[in-house]
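First comes the structure, then the notes that go with it.
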Amino acid sequence: MAEKTYLSEIHEIRVDENNPLFDKTGLLYKEFPSDYRQIRYFTLLIVQSAPLEIKEINLLEQQISEVIKNAVKHGNQCKPEKKVRVWYSFDSTHAHLIVQDEGDGFKDLEKWNDFNRKRLEILSEQDFEKLADFVSFRTLKSDDNDGGNALFAALEYWNGGFVFNNKRNAVAMLKKFPQKKHAIA
Amino acid sequence: MELKIRKSGDNYIIDVNGEMDLYNSYKLKELVMKMLEKKVEHFIINLENVDYIDSSGIGALIYICSTIKKMNFRLIITNIHGSVKKVIELTKLMGYFPITNSIEEAIQQMDD
């Protein structure tokens, strides 16, 4: 029973093009060239439309920046002629984004899920020595500047879903912000 | 990002000022590697003045931590707060990194 509960808590990256998170109705839109030097600037252009009530705006900015970085670097290989397209909407209750690149798609998705499953098992065992091998997901294309940990945090942060399209070159995500509970007079 | 080194007994404290992002996190990694070459063995990384960290910054801390552990030297990361703490929590690395709440606590642990 305990095992069942634990497994149900394991988050996975899913491919689900029909997920409602891919509905672009009513979303704002921006597109950018794949310029690595401007990733944080592009992110700010998007985040500036988020309402001030959102707490931890730094964290929201960081999480969006990671997804745009993946699109620019791993998707579009930093080729400036390739665009990153972003659809987004923010209010005090949620942040919803779709980020699409022109690359071949996240081919290592299954490997990543396997790696993450093992990582979570090791974490639940509190085996920090073994964890050393599971703190960073590396592929043959990884370089020294790739932390290899962005998607671990992304799956935790985007609590309303984090799903890829069939081609795996677009990811849709939703963050639901906690609401203040109003006291009853 | 600005890095300053100060010494307290055998411990070298690195004060990090600014953002640890995809453009500059490598600088901390390079500094620690140079210090290791110069036979420094006890490191305290002070993140009091860091309000933003991304996966490259976390990656740099992982690299530094695993290198120092492999060499059997000592590292403590201190004064993590705000979104930096949140990102480390989201990545589930709070138990992996040796962390203290203050420099004083870090020095005390080093000396124990």
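In order, the protein sequences belong to chains G and D. The first sequence begins at 3 in this note's numbering and counts up one residue at a time. The second sequence begins at -14 in this note's numbering and counts up one residue at a time. A virtual CB, placed ideally from N, CA and C, is assigned to each residue, including glycine.
Going by DSSP in three states, residue i sits in which element: helix, strand or coil?
i: E5/G; result: Confidence in E5/G is poor, its pLDDT being 42 and thus under 50, which makes the residue's placement too unreliable to answer from.
i: G105/G; result: coil
i: E14/G; result: coil
i: P22/G; result: helix
i: N(-4)/D; result: strand
i: L54/G; result: coil
i: N147/G; result: coil
i: M5/D; result: strand
i: V72/D; result: helix
i: L133/G; result: helix
Taking the beta strand (DSSP E) that residue i falls in, what are its first and last residues?
i: S91/G; result: K85 to F92
i: A174/G; result: A172 to K178
i: L(-12)/D; result: E(-13) to S(-7)
At what residues does the alpha helix (DSSP H) containing residue i begin and finish?
i: F44/G; result: I41 to V49
i: I66/G; result: I59 to K71
i: L16/D; result: S10 to E22
i: E26/D; result: No alpha helix (DSSP H) contains E26/D, which DSSP labels as neither H nor E.
i: K81/G; result: Counting along the chain, K81/G falls outside any alpha helix (DSSP H), and DSSP gives it neither H nor E.
i: K120/G; result: L111 to S126
i: Y31/G; result: Where Y31/G is concerned, there is no enclosing alpha helix (DSSP H), although the beta strand (DSSP E) it sits in stretches over L30 to P35.
If residue i sits next to residue j, beta carbons under 8 Å apart, how far is it from one beta carbon to the other, in whole angstroms?
i: I61/D; j: T85/D; result: 6 Å
i: S36/G; j: V86/G; result: 6 Å
i: D39/D; j: N60/G; result: Wrong, their Cβ atoms sit about 10 Å apart, outside the cutoff.
i: L157/G; j: I66/G; result: Contact flag wrong, Cβ pair sits at about 15 Å.
i: K(-11)/D; j: D0/D; result: 5 Å
Would residue i pass as an interface residue toward chain A - the criterion being a Cβ-Cβ separation below 7 Å?
i: F130/G; result: Annotation note: the requested chain A is absent from the structure, which comprises protein chains G and D.
Just checking, does the region 127 to 141 of chain G make contact with the region 26 to 37 of chain D on the three C-beta pairs under 8 Å criterion? no
In chain order, which alpha helix (DSSP H) runs of at least 4 residues are fully inside the region 31 to 70 of chain D? 40 to 55
Report yes or no: do three or more beta-carbon pairs, one from the region 93 to 104 of chain G and one from the region 15 to 23 of chain D, lie closer than 8 Å? no
Can we say the region 80 to 92 of chain G touches the region 152 to 168 of chain G, given the rule of at least three CB pairs closer than 8 Å? no
Touching or not, the region 131 to 150 of chain G and the region 101 to 121 of chain G, by the rule of three or more beta carbon pairs under 8 Å? yes
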